[in-house]
Amino acid sequence: MPRALDYGRAPYADEIEVTIFGPGYGEALAVHLGGQRWMLVDSCTATGASEPASAEYLRQLNIPAENVKAIVASHWHDDHVRGMSRLVRQYPNATFFYPAVFSNKEAQAFLAAYSGEINPQLTRGTGELYRSLMSRERSVAVKNRVEILSGTSPEFRVFAFSPTDAALSQFLAHIFEYIPREDLSLPIGHAPPISPNLSSVVLHVDLGAEALLLGADLERHEAGWDAVIADEWCRGKVRAGVVKIAHHGSITGDHPDIWTQLAMQKPLGLISPFNNGRHTLPKAADVMRILSNTREAFITSGSSRKPKIPTDQLKRLQDMCTAIAPANAGFGAVRARRSTTAVEWQIELFGSAKRLSNSGSKAA
Amino acid sequence: MNPTTNISQPLESTAGVQPLAGEMSLRIQPGAGTASTSSPSAEGAANSRAGSAFEVVPPVPVPLPTHKDVFDSKPIQIWEGVVLSVDRNGMDVRLNAKLARLPEHTATIALEWIHDQDRDLARPGAIFYLTVFRKLSRGSVQNAQEIRFRRLPNWSNSDVLKVRAAASALAARMKDTDDAARP
Numbered sequence: 002m003p004r005a006l007d008y009g010r011a012p013y014a015d016e017i018e019v020t021i022f023g024p025g026y027g028e029a030l031a032v033h034l035g036g037q038r039w040m041l042v043d044s045c046t047a048t049g050a051s052e053p054a055s056a057e058y059l060r061q062l063n064i065p066a067e068n069v070k071a072i073v074a075s076h077w078h079d080d081h082v083r084g085m086s087r088l089v090r091q092y093p094n095a096t097f098f099y100p101a102v103f104s105n106k107e108a109q110a111f112l113a114a115y116s117g118e119i120n121p122q123l124t125r126g127t128g129e130l131y132r133s134l135m136s137r138e139r140s141v142a143v144k145n146r147v148e149i150l151s152g153t154s155p156e157f158r159v160f161a162f163s164p165t166d167a168a169l170s171q172f173l174a175h176i177f178e179y180i181p182r183e184d185l186s187l188p189i190g191h192a193p194p195i196s197p198n199l200s201s202v203v204l205h206v207d208l209g210a211e212a213l214l215l216g217a218d219l220e221r222h223e224a225g226w227d228a229v230i231a232d233e234w235c236r237g238k239v240r241a242g243v244v245k246i247a248h249h250g251s252i253t254g255d256h257p258d259i260w261t262q263l264a265m266q267k268p269l270g271l272i273s274p275f276n277n278g279r280h281t282l283p284k285a286a287d288v289m290r291i292l293s294n295t296r297e298a299f300i301t302s303g304s305s306r307k308p309k310i311p312t313d314q315l316k317r318l319q320d321m322c323t324a325i326a327p328a329n330a331g332f333g334a335v336r337a338r339r340s341t342t343a344v345e346w347q348i349e350l351f352g353s354a355k356r357l358s359n360s361g362s363k364a365a
Numbered sequence: 332m333n334p335t336t337n338i339s340q341p342l343e344s345t346a347g348v349q350p351l352a353g354e355m356s357l358r359i360q361p362g363a364g365t366a367s368t369s370s371p372s373a374e375g376a377a378n379s380r381a382g383s384a385f386e387v388v389p390p391v392p393v394p395l396p397t398h399k400d401v402f403d404s405k406p407i408q409i410w411e412g413v414v415l416s417v418d419r420n421g422m423d424v425r426l427n428a429k430l431a432r433l434p435e436h437t438a439t440i441a442l443e444w445i446h447d448q449d450r451d452l453a454r455p456g457a458i459f460y461l462t463v464f465r466k467l468s469r470g471s472v473q474n475a476q477e478i479r480f481r482r483l484p485n486w487s488n489s490d491v492l493k494v495r496a497a498a499s500a501l502a503a504r505m506k507d508t509d510d511a512a513r514p
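Line by line, the protein sequences are chains A and B.
All letters in the first sequence, in the order written, are residues 2 to 365 by this note's numbering.
All letters in the second sequence, in the order written, are residues 332 to 514 by this note's numbering.
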């Protein structure tokens, strides 16, 4: 059992905060909207832990379950929903929001087929989302141009910038060949990853004088970031002072207009890495780009990616495999917190989290 | 590193076994120092070569491992893998150790390691087992490894019906954005 991080005190009622958790493969956010109201976005677990990272965080801060008002699954990929079904059960009063791409009948069949219920082996991201949805009487679909949450004292409003209707169509086109049908000889297998990611829910948290932009894993595409940027409704919202950088800082998750149309000049950047074999994010060029667009940026896990396998076994594995790395490189969290009257955000780093820098990009 | 060839059985003539259409056979003449392959259609031409050091023979079935062979193989680790993505440079996979409690790892495996008959299975989502083991062969210890893909059946009609039922149950719990009751 890994040693839990010490997160210190809970925020005061007049403090806003956004905390990002990440073990190297996985991402979750806990957002304090003020007045002891919380919103959780996505889910991940620390290495070796069974409890979702955000649940562990709230438990340490002694936050009552009823203070969690909303849980949002930004999309169904494994690295964003690990432990989601447990989170949904743990906070029964929270409204569960899911990306509207699953409102469609075909998409529901896709989710059901790869839920693990019919074939127990198939229990990855789709299974978590399926179980989360099935554990609730009602869940709510999220698409662009929708307000999902609001409150007063202090005032806040949460809007969804995506997915767009075009993304819904694209998603259906991608998954159609994987939906089992009588007339199709389809081998049983895991749900395939679908790229580019257009189904992600991007959230905008309006705090009055400034905002948070939570970019999920949305990628640049005419039905993705291009559509969000082109939408006057999105561009008309309060500019973000803190940006959860989309898609682990990849070039495909970026759009130059995010930094000029949706964010304040040089906002704070929060990011979680993505370690998956030879595919690691952010790359050195991504770090350079992120640093040029932000005042400062912080990453949840900048630890070494050295394999954690006994030497004799590792040598043998290296006969066949390259780019061997632990899926979870080291768990960490970054917390940005400020009172509603303060101007500056206070940044706190926990575990393997670190300030993003050119020199640190290799480790990340 | 390149994959090793692990067929080490001596090739012998087996009377009465005929090659199937398109199959190739190989015979190494003792002392010849070189080898060639031929297909059934090329047999006549090959045999007609005067003074050729090669003789076309029917293919030889590879004997199944004996009980002793199996007994002398000791697995070092069995990794259960899931294919994440495939391109011409290799296959990105996630690996979970089955014989010890080790953290989940990711890695890349070159496609040349995959048996020809399994190539069609190497697609995102596929499940495989990567076994690394030591085997005692003729008194010497050899390192060996193999990848075996799990060949799952197709979705059956009864599976399709179950999927539909599960999808309907799911739909009943999913509320569209337009009729969302905001908290």
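Each residue gets a CB set at the ideal place from its N, CA and C atoms; glycine is no exception.
Each residue's CA atom was taken as its position, placing A:R317 and B:Q408 some 9 Å apart.
Annotation for A:R279: T323, A324 place their beta carbon closer than 8 Å to its own, counting only its chain and skipping 5 residues before and after. Boundaries cannot be given for A:G237, as no beta strand (DSSP E) includes it and DSSP labels it neither H nor E.
Interface flag for B:I445 against chain A is unset, since no Cβ pair is found closer than 7 Å.
Note that the segment 241-249 of chain A touches the segment 191-211 of chain A; at least 3 beta-carbon pairs, one per stretch, sit closer than 8 Å.
DSSP, read as helix, strand or coil, puts A:V344 in coil. DSSP places A:S186 outside both helix and strand once states are collapsed to three, so it counts as coil. Rounded to the nearest whole angstrom, the C-alpha separation of A:A31 and A:W39 is 7 Å. The C-alpha of A:H33 lies about 25 Å from the C-alpha of A:G331.
Of A:V82, A:L112, A:A5, the smallest CA-CA separation from A:E57 is found for A:A5.
The alpha-carbon separation between B:V491 and A:E129 amounts to approximately 21 Å. For A:A337, the secondary structure class from DSSP, reduced to helix, strand or coil, is strand.
Between B:I440 and A:M321, the CB-CB gap stays under 7 Å.
In the three-state reduction of the DSSP assignment, A:F111 falls in the helix class. Contacts with chain A at 7 Å (Cβ-Cβ) do not include B:Q473.
A Cβ-Cβ separation of about 5 Å places B:V413 in contact with B:R425 under the 8 Å criterion. For B:E435, same chain residues with a beta-carbon under 8 Å away, outside a window of 5 residues either side, are R425, L426, N427 in chain order. Annotation: B:N427 is outside any alpha helix (DSSP H); the continuous beta strand (DSSP E) that includes it extends over 421-428. Just so you know, the alpha carbons of A:E118 and A:L112 end up roughly 10 Å apart. Non-local beta-carbon contacts of A:E349 in its own chain, meaning distances under 6 Å to residues more than five positions away in sequence, involve R336 in chain order.
For A:G23, DSSP records a beta bridge to A:G333. Listed along the chain, the chain A residues whose CB falls inside 7 Å of the CB of B:V491 are P181, R182, E183.
Residue contact check for B:V494 against chain A: a CB pair falls below 7 Å. Residue-level contact by beta carbon holds for B:A497 and chain A, with a gap shorter than 7 Å. Annotation: B:D449 has no Cβ neighbours in chain A at a cutoff of 8 Å; minimum Cβ distance is about 13 Å. Boundaries of the beta strand (DSSP E) harbouring B:K466: 458-468, taken from the DSSP string. For B:T439, the enclosing beta strand (DSSP E) has its first and last residue at 436-440. Check the Cα spacing between A:A354 and each of A:H191, A:I64, A:I21: the tightest is with A:I21. Contact between the segment 137-151 of chain A and the segment 89-106 of chain A is present: three or more C-beta pairs spanning the two stretches fall below 8 Å. Taking a beta-carbon distance threshold of 7 Å, A:K309 counts as an interface residue toward chain B. The straight-line gap separating the alpha-carbon atoms of A:N329 and B:E477 is approximately 26 Å.
Bounds of the alpha helix (DSSP H) holding A:F172 are 166-176.
Judged by DSSP secondary structure, A:M135 falls outside any beta strand (DSSP E) and instead within the alpha helix (DSSP H) spanning 126-135. At a Cβ-Cβ threshold of 7 Å, A:V19 and A:S44 do not count as neighbours.
Counting C-beta pairs with one atom in each stretch, the segment 10-19 of chain A and the segment 176-192 of chain A have fewer than three that are closer than 8 Å, which means they do not touch.
In this structure, DSSP gives A:A286 a helical state, which the three-state scheme calls helix.
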